[in-house]
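Chains as they are written, first to last, in the working numbering: chain A, 37 to 179; chain B, 27 to 352.
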């Protein structure tokens with residue numbers, strides 16, 4: 037099972053840095069795992085902790101949130117807010133017993149195609165180690 | 027506790043023209059019960075009490091009050107609301123002020139230094155509750171229970187509420203009038219509930235919370251009792267988008283409890299109302315206290331202490347810890 041298990045990762049990327057960074061990784065032909073489902077948001081500060089929770093409920097095995105480096109935010113301070121908010125979410129998730137390897141946050145700028153590859157590799161490896169997430173997946177009921 | 031002075035002050039306050047009512051406690055109809063009361067006039071102030079049974083946080087009623095639309099041509103009622111506050115209640119009020127949930131001019135705070143309230147469940151286990159009324163008061167080293175003409179002394183440790191064992195602010199943080207002498211803050215115990223869980227492994231913690239969250243019947247008492255859960259447009263009531271389905275199952279319960287705890291992160295005044303209101307005895311306080319502890323230790327922020335502070339999640343420090351970031 038664990039041999040063939042491919043984790044399902046939801047990644048929230050900020051439009052200005054990380055999305056462009058991932059784009060650069062693509063145009064530079066940097067190979068990285070294909071387990072990532074990218075959702076583009078305008079800023080990492082847009083990521084509501086409920087997004088993360090909903091992703092885990094709806095079948096994600098891991099969540100990645102990536103934004104600009106501190107000080108580089110297109111909206112000046114969005115990633116500072118995101119850092120506080122999601123840092124707290126990570127503490128909370130760890131406290132209720134959700135594997136901390138399932139949630140990652142990173143700063144990837146538009147020029148860091150190679151860093152993006154490493155971040156994805158780490159996220160996917162961690163989620164693969166942690167195994168399929170059954171925790172609190174939403175039960176689909178067919179009426 | 028100087029009840030005479032409390033009642034006299036309350037009567038004076040409610041007699042003022044610019045005061046709508048005063049929210050306080052009065053004896054309930056049976057047993058150890060205490061009910062909140064809205065004092066409209068000086069006569070009503072005579073039944074006010076303050077005892078170790080007054081555990082409920084009255085700050086909830088500041089935001090719970092229904093705001094009806096004002097008829098055309100009429101002025102909105104801008105009279106003040108007076109409130110009796112213990113230490114933890116005053117922190118909730120301060121946090122409301124920080125968030126601009128209420129305005130300072132709207133409230134008059136009557137501060138009551140508090141020596142710790144009791145956990146009703148623990149009291150009932152020791153002295154089962156009957157229909158006859160019981161009175162509890164503070165005394166040196168414990169509580170004095172008067173019931174059926176009998177007097178009993180109960181050691182403080184036996185029935186003190188958990189939030190009070192951990193209380194660091196027994197005196198009101200903010201008040202206009204203070205009744206009684208300030209209380210010397212007591213030595214707080216280590217937060218055993220949270221520490222024990224922290225030492226467990228991730229899987230053991232999950233098992234623990236799985237059991238707890240599965241009990242939840244989603245009555246939302248915790249939300250309604252909380253003085254700081256006052257959004258007009260709560261995510262739980264929203265139909266589009268539905269963040270948390272209404273189905274009562276483990277998945278949705280977990281999402282609900284995580285969201286609830288998260289929404290109180292950096293805001294919780296640790297008054298323990300959510301836990302007290304919970305009919306299924308879910309230890310919600312542990313979640314809140316854990317987040318409050320993280321916020322205190324990592325960010326050096328404490329909710330509900332300084333009315334001039336900025337809300338925790340609506341401010342930032344460029345040097346916030348970021349060791350969790352890849």
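For every residue, glycine included, the Cβ atom is placed at its ideal position computed from N, Cα and C.
This structure is a prediction, so every number in the text was calculated from the model and none was measured.
Straight across, the Cα-Cα distance linking residue 154 of chain A with residue 128 of chain A is about 26 angstroms. Within the region 41-121 of chain B, complete alpha helix (DSSP H) segments of at least 4 residues are found at 86-90, given in chain order. Against chain A, the beta carbon of residue 51 of chain B has no neighbour under 9 angstroms; the closest one sits roughly 33 angstroms away. Taking all protein chains shown into account, residue 148 of chain A has 16 or more neighbouring C-beta atoms within 10 Å of its C-beta and is therefore buried. Shown here for residue 78 of chain A: same chain residues with a beta carbon closer than 6 angstroms to its own, the five before and five after excluded, namely 51 in chain order. Contact between the region 168-187 of chain B and the region 142-157 of chain B is present, with at least three C-beta pairs closer than 8 angstroms.
By the C-beta criterion, the region 134-146 of chain A is judged to be in contact with the region 162-177 of chain A, since at least 3 inter-stretch pairs fall below 8 angstroms.
Taking residue 53 of chain B as reference, the option from B/190, B/237, B/80, B/95 with the minimal CA-CA separation is B/80. The residue from B/261, B/327, B/345, B/336 with its alpha-carbon nearest to that of residue 85 of chain A is B/261. With a threshold of 16 other beta carbon atoms within 10 Å, residue 109 of chain B meets it and is buried. For the pair residue 288 of chain B and residue 125 of chain A, the CB atoms are nearer than the 8 angstroms cut-off.
Rounded to whole angstroms, the separation of the alpha carbons of residue 116 of chain B and residue 174 of chain B is 34 angstroms. In the displayed model, residue 73 of chain A falls within a strand according to three-state DSSP. Collapsing the DSSP output to three states places residue 102 of chain A in a strand. A buried status is given to residue 197 of chain B, since no fewer than 16 other beta-carbon atoms sit within 10 Å of its beta-carbon. Ranked by how close their Cα comes to the Cα of residue 242 of chain B, the residues B/40, B/227, B/286 have B/286 in first place. Sequence-ordered contacts of the region 102-132 of chain A with chain B read 106, 107, 113, 116, 117, 119, 120, 121, 123, 124, 125, 126, 127, 128, 129, 130, 131, 132 [C-beta pairs closer than 8 angstroms]. Between the C-alpha atoms of residue 343 of chain B and residue 140 of chain B there is a straight-line separation of about 35 angstroms. Interface flag for residue 89 of chain A against chain B is set, since a Cβ pair is found closer than 8 angstroms. Here the C-alpha atom of residue 151 of chain A lies approximately 36 angstroms from the C-alpha atom of residue 268 of chain B. Three or more Cβ pairs closer than 8 angstroms define a contact, and the region 161-169 of chain B falls short of that threshold against the region 88-104 of chain B.
Think of a sphere of 9 angstroms around the beta carbon of residue 43 of chain A: no beta carbon from chain B falls inside it, the nearest being about 16 angstroms out. Counting only residues of its own chain and dropping the five nearest sequence neighbours on each side, residue 335 of chain B has a CB closer than 7 angstroms to the CB of 124. The Cβ of residue 60 of chain A sits no closer than 8 angstroms to any Cβ of chain B. Listed in chain order, the non-local C-beta contacts of residue 85 of chain B below 6 angstroms within the same chain comprise 115, 118, 119, 253, local neighbours out to five positions each way being set aside. In this structure, residue 74 of chain B and residue 50 of chain B form a Cβ contact; the two beta carbons are roughly 5 angstroms apart against a cut-off of 8 angstroms. Contact between residue 225 of chain B and residue 309 of chain B is ruled out by a C-beta separation of about 16 angstroms, above the 8 angstroms threshold. Taking 4 residues as the shortest admissible run, the region 121-170 of chain B contains the following complete alpha helix (DSSP H) segments, listed from N- to C-terminal end: 146-152. Counting along the chain, residue 49 of chain A sits inside the beta strand (DSSP E) bounded by residues 45-50. Taking 4 residues as the minimum length, the alpha helix (DSSP H) runs contained wholly in the region 285-316 of chain B are 299-303, in order along the chain. Approximately 16 angstroms separates the beta-carbon atoms of residue 160 of chain A and residue 54 of chain A; this is outside 8 angstroms, ruling out the contact. Straight-line measurement puts the Cα of residue 318 of chain B at about 34 angstroms from the Cα of residue 161 of chain B.
For residue 204 of chain B, DSSP records a beta bridge to B/137.
Counting along the chain, residue 180 of chain B sits inside no alpha helix (DSSP H); it lies in the beta strand (DSSP E) bounded by residues 176-181. Contact of residue 346 of chain B with chain A by beta-carbon distance below 9 angstroms involves 106, 116, 119, 120, 123. Only residues of its own chain outside the window of five on either side were considered, and among them 310, 311 have a CB closer than 6 angstroms to the CB of residue 301 of chain B, listed in chain order.
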